[in-house]
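Asker:
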Amino acid sequence: MGSLLVLLMTPAMAGPYIAAGAQWKPYAYEDKDGHLIGVSIDIARRVMALANLDVTFVTYPVNRLQSMLQKSEVDINFADALIWNNAAERRRFVFSKPYSTVKEHLYFLADHPARGQSIGQMDHLTIGMVRGYNYWALDPAIDKRRMSRLETSQDEALIKLLQSGRVDAIAMVDDIFDELISSEKLDPSLFTRGARLSEAMLVFKLQPQHASWLPQINSAIDSMQKTGELEQIRRRYLPGTQDAP
(Lines of atoms letter the chains of each structure in order from A and count residues from 1; the text may use other names and numbers.)
(Lines give C-alpha, C1' and ligand atoms only; values in the text may rest on other atoms or scores of the structure.)
Protein backbone atom coordinates (compact mmCIF):
# COMPACT_ATOMS: atom_id res chain seq x y z
CA MET A 1 0.00 0.00 0.00
CA GLY A 2 2.83 2.40 0.91
CA SER A 3 4.60 1.89 -2.41
CA LEU A 4 1.32 2.39 -4.26
CA LEU A 5 0.81 5.76 -2.54
CA VAL A 6 4.29 6.86 -3.58
CA LEU A 7 3.58 5.94 -7.19
CA LEU A 8 0.30 7.84 -7.16
CA MET A 9 1.79 11.06 -5.73
CA THR A 10 2.28 13.94 -8.16
CA PRO A 11 4.97 16.63 -7.73
CA ALA A 12 2.31 19.12 -6.56
CA MET A 13 1.35 16.72 -3.73
CA ALA A 14 4.90 16.07 -2.63
CA GLY A 15 5.29 19.23 -0.54
CA PRO A 16 5.83 21.06 1.59
CA TYR A 17 8.79 22.49 -0.29
CA ILE A 18 11.39 24.68 1.40
CA ALA A 19 11.60 28.39 0.60
CA ALA A 20 14.57 29.91 2.39
CA GLY A 21 16.27 33.25 2.69
CA ALA A 22 18.38 35.34 5.02
CA GLN A 23 16.97 37.58 7.74
CA TRP A 24 17.23 41.21 6.63
CA LYS A 25 14.72 43.56 8.13
CA PRO A 26 12.32 44.84 6.77
CA TYR A 27 12.30 42.14 4.06
CA ALA A 28 12.46 38.99 6.20
CA TYR A 29 12.65 38.92 9.99
CA GLU A 30 11.02 37.52 13.11
CA ASP A 31 8.41 39.49 15.04
CA LYS A 32 8.24 39.48 18.85
CA ASP A 33 6.38 36.15 18.75
CA GLY A 34 8.98 34.48 16.52
CA HIS A 35 6.86 34.57 13.35
CA LEU A 36 8.54 35.37 10.04
CA ILE A 37 7.24 38.59 8.49
CA GLY A 38 8.49 41.27 6.11
CA VAL A 39 8.15 42.52 2.55
CA SER A 40 9.57 39.40 0.89
CA ILE A 41 7.94 36.97 3.31
CA ASP A 42 4.46 38.46 2.91
CA ILE A 43 4.76 38.66 -0.88
CA ALA A 44 6.21 35.15 -1.14
CA ARG A 45 3.47 33.62 1.01
CA ARG A 46 0.80 35.20 -1.19
CA VAL A 47 2.54 34.25 -4.44
CA MET A 48 2.95 30.62 -3.38
CA ALA A 49 -0.69 30.44 -2.28
CA LEU A 50 -1.86 31.82 -5.64
CA ALA A 51 0.51 29.41 -7.43
CA ASN A 52 -0.97 26.51 -5.41
CA LEU A 53 2.44 25.48 -4.05
CA ASP A 54 2.79 24.01 -0.56
CA VAL A 55 5.81 25.86 0.85
CA THR A 56 7.43 26.16 4.27
CA PHE A 57 9.41 29.35 4.93
CA VAL A 58 12.69 29.32 6.86
CA THR A 59 15.72 31.59 7.25
CA TYR A 60 19.42 30.80 7.53
CA PRO A 61 22.67 32.76 7.78
CA VAL A 62 23.78 33.81 4.30
CA ASN A 63 26.73 31.39 4.04
CA ARG A 64 24.61 28.42 5.09
CA LEU A 65 21.81 29.44 2.72
CA GLN A 66 24.24 29.59 -0.21
CA SER A 67 25.66 26.18 0.66
CA MET A 68 22.20 24.62 0.96
CA LEU A 69 21.15 26.04 -2.39
CA GLN A 70 24.24 24.58 -4.05
CA LYS A 71 23.48 21.19 -2.47
CA SER A 72 19.81 21.37 -3.55
CA GLU A 73 18.72 21.24 0.10
CA VAL A 74 16.50 24.28 -0.46
CA ASP A 75 13.91 24.50 -3.23
CA ILE A 76 13.48 28.28 -3.46
CA ASN A 77 15.34 31.38 -2.37
CA PHE A 78 12.46 33.77 -1.77
CA ALA A 79 14.52 36.99 -2.04
CA ASP A 80 17.33 36.87 -4.57
CA ALA A 81 18.40 38.97 -7.56
CA LEU A 82 20.03 38.13 -10.87
CA ILE A 83 22.86 40.60 -10.27
CA TRP A 84 23.69 38.87 -6.97
CA ASN A 85 24.45 35.64 -8.85
CA ASN A 86 27.58 34.83 -10.80
CA ALA A 87 27.52 33.44 -14.33
CA ALA A 88 27.54 29.80 -13.21
CA GLU A 89 24.64 30.38 -10.82
CA ARG A 90 22.62 32.13 -13.51
CA ARG A 91 23.09 29.12 -15.78
CA ARG A 92 22.15 26.61 -13.11
CA PHE A 93 19.13 28.14 -11.37
CA VAL A 94 15.89 29.52 -12.79
CA PHE A 95 14.46 32.91 -11.82
CA SER A 96 11.00 34.41 -11.63
CA LYS A 97 9.79 37.82 -12.72
CA PRO A 98 10.78 40.60 -10.29
CA TYR A 99 8.41 41.51 -7.46
CA SER A 100 10.27 44.45 -5.90
CA THR A 101 13.45 46.51 -6.20
CA VAL A 102 16.18 47.33 -3.69
CA LYS A 103 19.11 49.70 -3.94
CA GLU A 104 22.50 49.21 -2.28
CA HIS A 105 25.04 51.90 -1.42
CA LEU A 106 28.19 52.43 0.56
CA TYR A 107 27.55 54.30 3.82
CA PHE A 108 30.18 56.47 5.54
CA LEU A 109 30.42 58.59 8.63
CA ALA A 110 29.36 62.10 7.66
CA ASP A 111 32.88 63.58 7.68
CA HIS A 112 34.77 60.76 5.94
CA PRO A 113 36.97 62.17 3.13
CA ALA A 114 35.95 59.44 0.65
CA ARG A 115 32.22 59.94 1.10
CA GLY A 116 31.78 61.78 -2.23
CA GLN A 117 34.17 59.66 -4.29
CA SER A 118 33.26 57.17 -6.98
CA ILE A 119 34.34 53.58 -6.42
CA GLY A 120 37.06 54.08 -9.03
CA GLN A 121 38.53 56.97 -7.02
CA MET A 122 38.56 55.17 -3.67
CA ASP A 123 41.84 53.84 -2.37
CA HIS A 124 43.05 52.06 0.77
CA LEU A 125 39.58 51.66 2.23
CA THR A 126 38.19 48.88 4.39
CA ILE A 127 34.57 48.01 3.61
CA GLY A 128 32.31 46.23 6.07
CA MET A 129 29.83 43.72 4.67
CA VAL A 130 27.73 40.76 5.74
CA ARG A 131 29.57 37.47 5.31
CA GLY A 132 28.37 35.62 2.20
CA TYR A 133 27.19 38.71 0.29
CA ASN A 134 28.91 39.66 -2.94
CA TYR A 135 29.15 43.19 -4.35
CA TRP A 136 30.33 42.94 -7.94
CA ALA A 137 30.85 46.71 -8.12
CA LEU A 138 33.58 46.39 -5.49
CA ASP A 139 35.34 43.32 -6.90
CA PRO A 140 37.82 45.16 -9.19
CA ALA A 141 38.98 47.42 -6.34
CA ILE A 142 39.24 44.46 -3.94
CA ASP A 143 41.14 42.38 -6.53
CA LYS A 144 43.60 45.24 -7.02
CA ARG A 145 43.85 45.66 -3.23
CA ARG A 146 42.62 49.22 -3.31
CA MET A 147 39.97 47.97 -0.91
CA SER A 148 39.76 45.25 1.68
CA ARG A 149 36.69 43.69 3.25
CA LEU A 150 35.80 43.10 6.88
CA GLU A 151 32.96 40.62 7.19
CA THR A 152 30.47 40.04 9.98
CA SER A 153 27.35 37.92 10.32
CA GLN A 154 24.79 40.65 11.02
CA ASP A 155 23.81 44.01 9.59
CA GLU A 156 23.54 45.45 13.11
CA ALA A 157 27.23 44.77 13.72
CA LEU A 158 28.18 46.74 10.61
CA ILE A 159 26.79 49.97 12.05
CA LYS A 160 28.91 49.47 15.18
CA LEU A 161 32.02 48.80 13.07
CA LEU A 162 31.39 52.02 11.19
CA GLN A 163 30.81 54.05 14.35
CA SER A 164 33.99 52.71 15.94
CA GLY A 165 36.11 53.52 12.88
CA ARG A 166 37.09 49.90 12.28
CA VAL A 167 35.83 50.24 8.70
CA ASP A 168 35.76 53.22 6.35
CA ALA A 169 32.35 52.35 4.95
CA ILE A 170 29.72 49.63 5.00
CA ALA A 171 27.88 48.03 2.07
CA MET A 172 24.15 47.83 2.72
CA VAL A 173 20.67 47.84 1.21
CA ASP A 174 19.20 51.31 1.68
CA ASP A 175 16.02 50.05 3.36
CA ILE A 176 18.03 48.01 5.85
CA PHE A 177 20.23 50.99 6.70
CA ASP A 178 17.19 53.21 7.24
CA GLU A 179 15.55 50.56 9.42
CA LEU A 180 18.68 50.18 11.56
CA ILE A 181 19.08 53.92 12.05
CA SER A 182 15.47 54.12 13.17
CA SER A 183 15.43 51.03 15.42
CA GLU A 184 18.77 51.91 17.07
CA LYS A 185 17.60 55.54 17.51
CA LEU A 186 20.74 56.90 15.87
CA ASP A 187 21.15 60.42 14.54
CA PRO A 188 20.93 60.17 10.71
CA SER A 189 23.14 63.25 10.33
CA LEU A 190 26.09 61.22 11.64
CA PHE A 191 26.12 59.18 8.43
CA THR A 192 26.09 59.82 4.71
CA ARG A 193 25.29 57.73 1.66
CA GLY A 194 28.15 57.20 -0.77
CA ALA A 195 28.54 55.44 -4.10
CA ARG A 196 25.76 53.20 -5.36
CA LEU A 197 26.61 49.49 -5.54
CA SER A 198 23.54 48.16 -7.30
CA GLU A 199 19.86 48.46 -8.03
CA ALA A 200 18.58 44.91 -7.70
CA MET A 201 15.21 43.50 -8.75
CA LEU A 202 14.10 40.90 -6.23
CA VAL A 203 13.03 37.54 -7.65
CA PHE A 204 12.42 33.96 -6.59
CA LYS A 205 15.38 31.69 -7.38
CA LEU A 206 14.36 28.07 -7.96
CA GLN A 207 16.24 24.83 -8.34
CA PRO A 208 16.27 23.82 -12.02
CA GLN A 209 14.01 20.80 -11.42
CA HIS A 210 11.27 23.22 -10.42
CA ALA A 211 11.34 25.24 -13.65
CA SER A 212 7.79 24.04 -14.39
CA TRP A 213 6.58 26.20 -11.45
CA LEU A 214 7.61 29.45 -13.14
CA PRO A 215 4.40 30.02 -15.17
CA GLN A 216 2.13 29.94 -12.11
CA ILE A 217 4.60 31.92 -9.98
CA ASN A 218 4.98 34.60 -12.67
CA SER A 219 1.22 34.68 -13.18
CA ALA A 220 0.74 35.26 -9.44
CA ILE A 221 3.26 38.12 -9.47
CA ASP A 222 1.49 39.69 -12.47
CA SER A 223 -1.87 39.39 -10.73
CA MET A 224 -0.60 41.00 -7.53
CA GLN A 225 0.98 43.79 -9.54
CA LYS A 226 -2.27 44.51 -11.40
CA THR A 227 -4.40 44.56 -8.26
CA GLY A 228 -1.92 46.74 -6.37
CA GLU A 229 -1.29 44.04 -3.76
CA LEU A 230 2.48 44.13 -4.26
CA GLU A 231 2.57 47.84 -3.56
CA GLN A 232 0.25 47.49 -0.58
CA ILE A 233 2.60 44.97 1.04
CA ARG A 234 5.67 47.09 0.34
CA ARG A 235 4.05 50.18 1.82
CA ARG A 236 3.10 48.22 4.93
CA TYR A 237 6.81 47.96 5.76
CA LEU A 238 8.22 50.85 3.68
CA PRO A 239 5.62 53.61 4.01
CA GLY A 240 7.79 56.29 2.43
CA THR A 241 8.54 54.46 -0.81
CA GLN A 242 7.03 53.84 -4.20
CA ASP A 243 8.84 50.73 -5.29
CA ALA A 244 7.33 49.13 -8.37
CA PRO A 245 9.04 46.17 -10.05
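If you want the working numbering, it's the position in the sequence shown, counting the first as 1, plus 6. Glycine included, every Cβ here is placed at the ideal spot set by N, Cα and C. All of these numbers come straight from a predicted model, not from anything done at the bench.
Is it the case that the stretch 100-114 contacts the stretch 34-50, given that we only count it when at least three CB pairs across the two stretches are under 8 Å?
Answerer: With a cut-off of 8 Å, the stretch 100-114 and the stretch 34-50 count as touching, because enough Cβ pairs lie within range.
Asker: Leaving aside the five residues before and after Ser229 along the sequence, list all residues of the same chain whose C-beta is less than 7 Å from its C-beta, in chain order.
Answerer: Leu56, listed in sequence order.
Asker: What residues match up with Ile82 in a beta bridge as DSSP calls it?
Answerer: Answer by DSSP bridge pairing, in chain order: Ala25, Leu212.
Asker: Counting Cβ pairs, one atom from each stretch, are 3 or more of them under 8 Å apart for the stretch 151-161 and the stretch 120-140?
Answerer: Yes, the stretch 151-161 touches the stretch 120-140.
Asker: Express the C-alpha separation of Met74 and Ser102 in angstroms, rounding to a whole number.
Answerer: Distance between the alpha carbons of Ser102 and Met74: 19 Å.
Asker: Per DSSP, His111 forms a beta bridge with which residues?
Answerer: According to DSSP, which records beta bridges pairwise, His111 is partnered with Met178, Arg202.
Asker: Buried or exposed: which applies to Ile148, given that a residue is buried once 16 or more other Cβ atoms fall within 10 Å of its Cβ?
Answerer: Ile148 comes out exposed.
Asker: Among Ser78, Val61, Asp174, which has the Cα closest to the Cα of Ile24?
Answerer: Ranking the options by Cα distance to Ile24, first place goes to Val61.
Asker: Any idea if Asn83 is buried or exposed, counting beta-carbon neighbours within 10 angstroms, 16 or more meaning buried?
Answerer: Its Cβ being crowded by 16 or more others within 10 Å, Asn83 is buried.
Asker: Do Leu144 and Leu203 count as a contact pair if the criterion is CB distance below 8 Å?
Answerer: Contact: yes.
Asker: Nearest-angstrom Cα distance between Phe183 and Glu190?
Answerer: If I take the Cα positions, the gap works out to 11 Å.
Asker: Is DSSP giving Ile148 helix, strand or coil here?
Answerer: If DSSP states are grouped into helix, strand and coil, Ile148 belongs with the helices.
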